[in-house]
Amino acid sequence: MACREIDAVKEYLSDLVVPHKRCNVNIIPDHITMLHGSKSRKQISRKRRAHKSNTLTRKQYAELGLNALPRKQLKYEQMLPLHKLWRGYIREHLGLREGEEAVPQVHEKRYDEFSRQLVKMDLHGAILRVLQSKCETLIGLNGICVMDTKNVLKLLGEDNLLRTVPKSECVFGMQVGSMEFTIFGQHLNMRPAERSVKKIKGFVEPFM
-11 MACREIDAVK EYLSDLVVPH KRCNVNIIPD HITMLHGSKS RKQISRKRRA HKSNTLTRKQ
49 YAELGLNALP RKQLKYEQML PLHKLWRGYI REHLGLREGE EAVPQVHEKR YDEFSRQLVK
109 MDLHGAILRV LQSKCETLIG LNGICVMDTK NVLKLLGEDN LLRTVPKSEC VFGMQVGSME
169 FTIFGQHLNM RPAERSVKKI KGFVEPFM
């Protein structure tokens, strides 16, 4: 125990004794035990805020160009291994057993959970094609999804061109094995990390 702390305790205890008897007070330092309290929630929250301030904000992240992809360096063939990994991931994510190629029917118990998992899936590595769009020039575009943001998907085509496709304006087609899915872009309008943990309370439109 520090001498300063001992002196402070002695002074405090002496003040509790009437003045004319203070000279008879004998405080033995070995009999003093200091209890150090834990940090308050306020102190902990301040420390957390200070720690968070060291991380980059989304605006700073964008200004540094960390969310941009090189348009000329990307090659379709280089993304094929990513697509192969995605095929294994999506089967596991949807709970499909080996050899299973059937989508649960609407009346089956698995259907609701299956539909929710489709909404929550990660699209990085998926081959998508635009089936319908308010912008006619986007219809028919297809490629491997190399970036999934809140509002757009970036697809790398076989011609090695990177195209930006708005989610809410389009309906996408996706194939898993022999199964074909139609995905409404409006269901995907959030960041992948947020979408994967979002609790879906309402009814999810069926994926045909």
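In this note's numbering, the protein residues as written are -11 to 196. Note that the Cβ used here is the ideal one computed from N, Cα and C, for glycine as well. For clarity, every value in this text was computed on a predicted model and none was experimentally measured.
Of all alpha-carbon atoms in Val5, Phe169, Leu1 and Gly173, the one lying nearest the alpha-carbon of leucine 82 is that of Phe169. Residue environment analysis places lysine 186 among the exposed positions, since fewer than 16 neighbouring C-beta atoms fall within 10 angstroms of its C-beta.
If you check the CB distance, threonine 152 and valine 164 do not come in under 7 angstroms.
Relative to the Cα of aspartate -5, the nearest Cα in the group Leu126, Thr45, Arg179 and Asn14 belongs to Asn14.
Taking a contact as a CB-CB distance under 8 angstroms, the pair asparagine 148 and tyrosine 64 counts as one, their CB atoms being some 5 angstroms apart.
The beta-carbon distance between glycine 173 and serine 156, rounded to whole angstroms, is 5 angstroms. This is short enough to meet the 8 angstroms contact definition. The bridge partners DSSP lists for phenylalanine 169 are Met162. Annotated as distal: methionine 167 and alanine 114, with beta-carbon spacing of 7 angstroms or more.
Contact between valine 91 and leucine 119 fails: their C-beta atoms lie close to 17 angstroms from each other, not under 8 angstroms. When the alpha-carbon of valine 107 is set against those of Thr43, Met135, Glu182 and Glu89, the nearest one is in Glu182.
Taking C-beta atoms as the reference points, leucine 111 and cysteine 133 count as a pair closer than 7 angstroms.
Classified as exposed, leucine 73 has fewer than 16 neighbouring CB atoms from the shown chains inside 10 Å of its CB. Excluding five sequence positions before and after phenylalanine 102, the CB atoms of its chain that fall closer than 8 angstroms to its own CB belong to Leu82, Gly83, Val91 and Pro92, given in chain order. Secondary structure at glutamine 120: strand, using DSSP grouped into helix, strand and coil. For lysine 142, the beta-bridge partners assigned by DSSP are Met135 and Thr152.
For glutamine 66, the enclosing alpha helix (DSSP H) starts and ends at 64 to 81.
Distances from the CA of glycine 131 to each of Gln48, His71, Pro7 and Arg46 were compared; the closest alpha carbon is that of His71.
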